[in-house]
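**Q** Residue numbers (the working numbering), protein chains in the order written: chain R, -12 to 276; chain D, 155 to 478; chain C, 917 to 1241.
Cβ coordinates follow ideal geometry from the N, Cα and C atoms, glycine included.
Bear in mind the structure is a predicted one, so any value in this text is a computation, not a measurement.
After the C-alpha cells below, expect a handful of questions from me.
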Amino acid sequence: MTDAVAFKPESPAREAWRMFRRNIPAMIGVVVLSIIVLATLWGTFFFAGNPYEIVWAPHEAPGVAPEFLLGTDYLGRDIFAGLVTGGGPTLAVGAAAAAITMVIGISLGALAGFYGGWVDNLLMRITEFFQVLPTLLFAMVLVTLFSPTLTTIALAIGVVSWPQTARLTRAEVMKIKELEYVTAARAIGAKNRRIIWQVILPNAAPPLIVSATLTIGVAILFEAGLSFLGLGDPNTMSWGLMIGSNRAYILDAWWPVTFPGLAIFLTVFSVSLIGDGLNDAFNPKLRER
Amino acid sequence: MSALLEIENLRVAFNTRHGEVTALDSVSLTVNAGETLGVVGESGCGKSITALSVMGLIPSPPGRIAGGAIRLAGEDLTRVSEARMRALRGAELAMIFQEPMTSLNPVFTVGDQIAEAIMLHQKVGHAQAFRDAVALLDRVGIPSPDRRARDYPHQLSGGMRQRVMIAMAVSCRPRVLIADEPTTALDVTVQAQIFDLLNEIQRDFGAAIILITHDMGAISEMADRVAVMYAGRVIEEADADDVLDHPQHPYTRGLISCIPALGKGDTELREIPGVVPPLHRLGAGCAFAERCAHRNGRCDSGKPLLVNHGHHPAACHAVQEGRI
Amino acid sequence: MSASFLFRRLVYGLVLMLGVVVLNFILIRLAPGDPAVVIAGEMGGGDAALLDAIRAQYGLDKPLLTQLGIYLGSILQGDLGQSFFFNQPVATLIGNRIGPTILLVLSAQVLSILLGVFLGVIAARKPNGVLSGVVSVVATVGYAVPVFWTGIMLIILFASVFPIFPVEGMQSVRLRDAGLWVRSVDIAHHLVLPAFTLALIYLAQYARLSRASMLDVLGSDYIRTARAKGAPEHSILFKHALRNASLPILTVAGLQFGNLISGALLVETVFNWPGMGRLAFESILRRDYPTVLGVLFFASAMVVVANLLTDLSYRLADPRLRGKT
C-alpha cells in the first residue's frame, strides 16, 4: 500500500500563497504597507517629537529647514511628527473597526444563511434596514451622541459597515451548506454549531478574508473622514485631523494637507492591492484570464 | 463544376498553456447546394471548430487559421476582410447552435431578434422586418406566431427556441446552413420534429446543410454524405449509406456499433473504450491508436492518410494494409 | 409590471422609514444625559424655560411608548422638531438644503455610471490590453483616495493653477438675481468640481464592474448568435452585451446610493456646497440633534426612494423578472 501516498496534492492555502507571491502588485502592497506600519510603530513608541508642539515658523515649505523635511503647518507644527504619530490611531481604529465589522457581519450572515426560514427573513430585514442608513452620517451621529473616543469611533464604524459582510457570508454559507461534506457532517450527527464553525465557515474563508482586507481599507477611509470633519478623538493626532485642521489654509500652503492625504491613500491603496492579490490567489477560475 | 462550399487543407491552431496546439489538421470537406453533409465525432474532435472556422467565428486570440482555404462559391473566406465576412454571416452563411436555451438574447423579444437579422442584411424598416419575422415563425411551425414574436426567450420551451433559432438562421435564405448539434439539448420527440423541419427548409430554400453531430442516428436520417472526424482530422468520408453499411475505420465501426439496434434485444449501451486524447499530447502516430484493437508498430510511428484502399477513403493503416 | 409589486415595495419602503424614525427616537434616549438637554443641544441648552417647553412638547415625563407615539405623530404631520441653533423648524431647514444635495448626488451618479460603463465596455474588448490595465489601476486608486482629499487637491489645482472652475459654493453672488438661464449655467459651472470629485470614487468602480460583467456576457452563447447574424462590433458591445451586463451594474448603483450620500456629505463640506451634508456637519458641530436626526431621516428616505427606483428599473431591464411579483 505505498502507491496511495505517491501523489500528494498541494494544500489550497499553500497554492494560494504560491499564487500570491507571484502577484507583483500584491507584493508591492505588502512592502508599502509594511513600511507604513513600521514607521507608525516607530513613531508611536520611539519617536521623541511632539506633533502638537510649535517648533518653527508657520507654513515653512518642505525641504527648507533640514530638521523639518516635510515643512510645518499653519501653527508651525512639524508635519513629519504628525505623520508618524498620527498613523497609529488611524491604523488602530481601522483594524479594530474592520474586526468589529467582520464579527457582526459573519455572525449574522452565518446564522441567516444556515438556518434560513424566519431567522433568515428577520436578519435580512435588519440588514436591509441598516443599508438604508447613509453610513458616514449614521456614524457621525453615533460618535457625537456617545463622545468621540477611539473605542466609540471603532464601534460606530463597525456598527454601520457590517451589512455587506453579512450578505456575503450568508450567500457563501447558503452555497456551502448544500455540499456533500456538510451533509456528511450532519449524517455523523454533528451539532449545528459545530457544523457552522468547523465545517462551513472554514470553507467560506477565502472570500471572507478578501472582504476583511477590503473592509480594513474602507474603515481607514472612514476614520479619516470622521477626523477630517473634526469628529475624531480630540486627544489624538491623526492623518484626517491634520487635513481637517489645515483645510482653511490650503491656498497658502499645499503641503500640510498633501502629505497626510498621501499617507491615507498609500495605506488604503496597498491594503486593496493585497486584497485584490488574495482574491486572485483564491480564485483559480480567474487565473486563466 | 466546383462545390458550393469547399474546405481545403484547413489548419486551425490555438495558443494554450501547453503552447500552440493544432485543433484542426488538413481538414478537407466539400458541400454542394441542396446537399446535407454530416460531420460526426465525439466531443473535442474538431467538429465545432470546423463550423466556427467557416463562419469566421474562431475566437481570436487564442485561435487562428494557420493554413488552408475555405471557399464559398470560389471566394476564399480565410482571406476576405472582416466587413465582407460580416456581410456574408447571416446572409449567405448561417448557423444554428447546440444550446437553444442560452443562444437567444434574454432581454430582447424573439421577433426583434429575427427582425434584427433581416435588417442587418436587407434594406427594410423595422415594421417590415418584424412582419417577416412573424411569417418565418409561422413557417417553422410556431403556433400563434403574432403573439409569440412578442415573447421573450424565457417564455418559450426548448424546442420552440430551437425553431426560433432556425427561423433566424434561414431569415435571409442562406446558401450554407450549419447546424451544430441542433437537437442534443432537446427531447427525443422534439428531435425528430426539428429534423423534419430542417429537411423541409432545405427543400424550400435549397440550402446546403452541414449537420454536426455525435449521433449516428441523426446521420442516417439527415445526411447525404458523411465525414467522420477524430482529433482534428477527417478520418473517413463517403456517402452516408456507404459509411453506415460498410464502415472502414475502426473508430467509425465503433461509433456505429454504439447505435442501439432496435428489436435485437440488445439493450446494452456500448461505447468505445477510452477518450479522445488531449490535443497537446498528440504524437507522431495515429491519434486513435491508444483506443484501437488493431494497433501495430506502424500506427505509433506515422499518421495514416485519408486514401481509398477498399470501399471508400479512410485514414487507417490497418485498413490500408488489409488487416481489417 | 404588476401594481401589487409596486404597492408592496412602497409599503416596505414606508416600514423602513418607520424604522428610521424609531431608531432616531432610541438614539436620543440612549445618549447619556437628560433627553431634553440633548434635544435642546449643548449650545442652546441651559435655559430652564426652554427645557420645560421641550419636555412638554415631547411628553418627556410620560411613559416611553407614549413618547414614541407623540414623536411619530409629529413626524407624520411633517414636524421634525425645532432647530435651537438655527432657530427654525428642521423641516424648513432641510427643505432649503435638499435640492442642492439631490442635484449633486444625481449628477455624480450619472457622471460616474456613464463614464465608468463606457470605459469598462471599451476595456472589455481587450481583456489584456492597455486600457484594461489602466482601468483596473484607476479603479484601485479611485477606491483608495479619501474623497475629501481629492476635493482639496482639486481646489488647490483649480484655484491657483487653472482658475477655470469656481471652487466654492453653488452660485456666484453677483448672479443671484440674474435670469433663470444665466443662473442655471452658473450653478452648472459650480457643480463641475464637486460632482467630479464625488463621481471619481465610483466611476472607477463602475468601470471595473462593467468590464468584468461585459467579459462574462461576451463569452455567452447569445453573443455568438449575434455575431453569426453578422451584427457589427458596436452593436454587439453596446446593444447585445451591454443590455445584459447592465443588470449587475444597476444592482450596484442602487446599493451605492447610500455611500454616495455619505460621500456627498464630505464633498459638500469641502466645497461649501449648500446642501444637507453641509447642514449635517454644521449641526453636528453645534450638537443640534433635531437637525442632525432630521437629516438622517431625509437622507435615509432618499436611499429608500433610490432603492425603489432601482428595483423598478431592474424589472424593466430584465424581462425575466417582469411577470413575477
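Taking the C-alpha atoms as reference points, what is the distance between Lys418 of chain D and Ser411 of chain D?
**A** Residue placement at Lys418 of chain D is poorly supported in this model, since its pLDDT is 49, which falls under 50; the coordinates are not used for a value here.
**Q** Nearest to Leu939 of chain C by alpha carbon, out of C:Gly1210, C:Leu1228, C:Arg1238 and C:Met1218?
**A** C:Gly1210
**Q** Would you say Arg1203 of chain C and Thr131 of chain R are within 8 Å of each other, going by their C-beta atoms?
**A** Yes.
**Q** Excluding the 5 residues preceding and the 5 following Gln269 of chain D in the sequence, name in chain order all residues of the same chain whose CB lies nearer than 8 Å to its CB.
**A** The sequence shown places Ala at residue 269 of chain D, rather than the Gln named in the question. Counting only Cβ-Cβ distances below 8 Å, and skipping sequence neighbours, we find His280, Ala283, Phe284, Asp286 and Ala287.
**Q** Is the distance from the Cβ of Ile986 of chain C to the Cβ of Ile970 of chain C below 8 Å?
**A** no
**Q** Is it right to say Asp420 of chain D is buried, meaning 16 or more other beta carbons lie within 10 angstroms of its own, or is it exposed?
**A** Here Asp420 of chain D scores only 49 on pLDDT, less than 50, and its place in the model should not be relied on; the value that follows carries that caveat. Asp420 of chain D is exposed by the Cβ-count criterion.
**Q** Identify whether Met383 of chain D lies in helix, strand or coil by the three-state DSSP scheme.
**A** strand
**Q** Using a beta-carbon distance below 8 Å, is Asn1160 of chain C in contact with chain D?
**A** yes
**Q** To the nearest angstrom, how far is it from the Cα of Phe(-6) of chain R to the Cα of Ala385 of chain D?
**A** At Phe(-6) of chain R the pLDDT is 47, less than 50, meaning the model places this residue with poor confidence and gives no usable figure here.
**Q** Anything in chain C within Cβ reach of Phe133 of chain R, meaning under 9 Å, just list it in chain order.
**A** Those are Leu946, Ala947 and Pro948, listed as they occur along chain C.
**Q** Starting from Leu988 of chain C, follow its DSSP beta bridges and name the residues at the other end.
**A** Partner(s): none; Leu988 of chain C has no beta bridge.
**Q** Any beta-carbon of chain C closer than 8 Å to the one on Gly244 of chain D?
**A** yes
**Q** Roughly how many angstroms separate the alpha carbons of Asp(-10) of chain R and Lys164 of chain R, rounded to a whole number?
**A** Reliability fails at Asp(-10) of chain R, whose pLDDT of 41 lies under 50, so the model's placement of it is uncertain and the value that follows must be treated cautiously. For Asp(-10) of chain R and Lys164 of chain R, the distance between alpha carbons rounds to 33 Å.
**Q** Of all the CB atoms in chain C, is at least one closer than 8 Å to the CB of Ala310 of chain D?
**A** According to the sequence displayed, residue 310 of chain D carries Leu and not Ala. False, the Cβ-Cβ gap to chain C never drops below 8 Å.
**Q** Contact criterion: CB-CB distance below 8 Å. Does Ile261 of chain R meet it with respect to chain C?
**A** no
**Q** Starting from Ile410 of chain D, trace the alpha helix (DSSP H) in both directions and tell me its first and last residue.
**A** Pro404 to Ser411
**Q** Put Gly222 of chain D into one of helix, strand or coil per three-state DSSP.
**A** strand
**Q** Which residues, in chain order, does the region 256 to 271 of chain D contribute to contact with chain C at a C-beta distance below 9 Å?
**A** Thr256, Ser257, Leu258, Asn259, Pro260, Val261, Phe262, Thr263, Gln267, Glu270 and Ala271
**Q** Does the distance from the C-beta atom of Pro427 of chain D to that of Arg452 of chain D stay below 8 Å?
**A** no
**Q** Alpha carbon to alpha carbon, how far is Gln993 of chain C from Val42 of chain R?
**A** 57 Å
**Q** Closer than 8 Å, Cβ to any Cβ of chain R: which residues of the region 1069 to 1093 of chain C, in chain order?
**A** Cβ contacts with chain R: Met1069, Ile1071, Ile1072, Ala1075 and Ser1076.
**Q** State the Cα-Cα distance for the pair Met1130 of chain C and Ala1157 of chain C, rounded to the nearest angstrom.
**A** 7 Å
**Q** Please list, in chain order, all residues of the same chain as Gly173 of chain D whose beta carbon is under 8 Å from its beta carbon, the five residues on each side excluded.
**A** His434
**Q** Give the residues of chain R in contact with Ile991 of chain C, contact being defined as C-beta atoms less than 7 Å apart.
**A** Chain R residues near Ile991 of chain C: none, gap ~16 Å exceeds 7 Å.
**Q** With a threshold of 8 Å between beta-carbons, can Pro121 of chain R be considered close to chain C, or not?
**A** For Pro121 of chain R, the closest Cβ of chain C is nearer than 8 Å.
**Q** Leaving out five residues before and five after Val80 of chain R in sequence, what residues of the same chain have Cβ atoms less than 6 Å from its Cβ?
**A** Leu137, Ile140, Ala141 and Glu210
**Q** I want to verify the contact list: residues of chain R whose CB lies under 7 Å from the CB of Thr858 of chain C, in sequence order.
**A** It is not possible to answer for residue 858 of chain C, since the shown part of chain C is limited to 917 through 1241.
**Q** What does the alpha-carbon distance come out to for the pair Ala171 of chain R and His308 of chain D?
**A** 36 Å
**Q** Report the residues of the region 1138 to 1151 of chain C with a CB closer than 9 Å to any CB of chain D, ordered along the chain.
**A** Tyr1138, Ile1139, Arg1140, Thr1141, Ala1142, Arg1143, Ala1144, Lys1145, Gly1146, Ala1147, Pro1148, Glu1149 and Ser1151
**Q** Assuming the contact rule is C-beta atoms closer than 8 Å, Leu183 of chain D and Arg165 of chain D should be a hit. Round their C-beta distance to whole Å, please.
**A** Leu183 of chain D to Arg165 of chain D, Cβ: 14 Å. No contact.
**Q** When burial is assigned at 16 or more other CB atoms within 10 Å of the CB, is Phe1197 of chain C buried or exposed?
**A** buried
**Q** Pick out the complete alpha helix (DSSP H) segments inside the region 223 to 283 of chain D, 4 residues or longer, and give them in chain order.
**A** 236 to 242 and 264 to 275
**Q** Using CA coordinates, which residue listed in R:Leu70, R:Val160, R:Thr114 and R:Ser259 is at the minimum distance from Thr245 of chain R?
**A** R:Leu70
**Q** Leaving aside the five residues before and after Gly1116 of chain C along the sequence, list all residues of the same chain whose C-beta is less than 7 Å from its C-beta, in chain order.
**A** Reading off the sequence, residue 1116 of chain C comes out as Leu, not Gly. Here the set comprises Gly1058 and Thr1066.
**Q** Which runs of the alpha helix (DSSP H) fall wholly inside the region 1127 to 1204 of chain C and span at least 4 residues, in chain order?
**A** 1137 to 1145, 1158 to 1187 and 1192 to 1201
**Q** If contacts are defined as beta-carbon pairs under 8 Å, then Ala271 of chain D and Cys199 of chain D qualify, I think. What distance do you get, rounded to the angstrom?
**A** Not confirmed; about 30 Å, so no contact.
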